[in-house]
Amino acid sequence: MTHHLLDLLAPGPSNAEWEAEKAGWRAQVMGNSACCYRRGSRLAGAWHRGFDAAAHSSDPLGLML
0 MTHHLLDLLA PGPSNAEWEA EKAGWRAQVM GNSACCYRRG SRLAGAWHRG
50 FDAAAHSSDP LGLML
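Going by numbering that gives the first Met the number 0, the first residue of the sequence shown is number 0, and it counts up by one from there.
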């Protein structure tokens, strides 16, 4: 079985909730508390989960993705 290297290195499908969680984490590290997603949406919930997780982390900057 052979694979083309570029096929293996191609980006996978994006996950909007994961990206929103990462954005929340980064926002907490950078000192930005304003969520850019619509209040009550699943992406706003994911953003707040990331923000809260970073706030409770012992090393948010070192663990930032």
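All residues carry an ideal CB built from backbone N, CA and C; glycine is no exception.
Residue i versus residue j - alpha carbon distance
i, j, result
"Arg37", "Trp46", "11 Å"
"Gly39", "Phe50", "15 Å"
"Val28", "Leu62", "10 Å"
"Ser32", "Ala26", "6 Å"
"Leu14", "Asp6", "The question names Leu, but residue 14 is Asn in the sequence shown. Rounded to whole angstroms, Asn14 to Asp6 spans 19 Å at the Cα level."
"Pro59", "Leu8", "29 Å"
Proximity below 7 Å, CB of residue i to CB of residue j
i, j, result
"Ala53", "Trp24", "yes"
"Ala19", "Leu4", "no"
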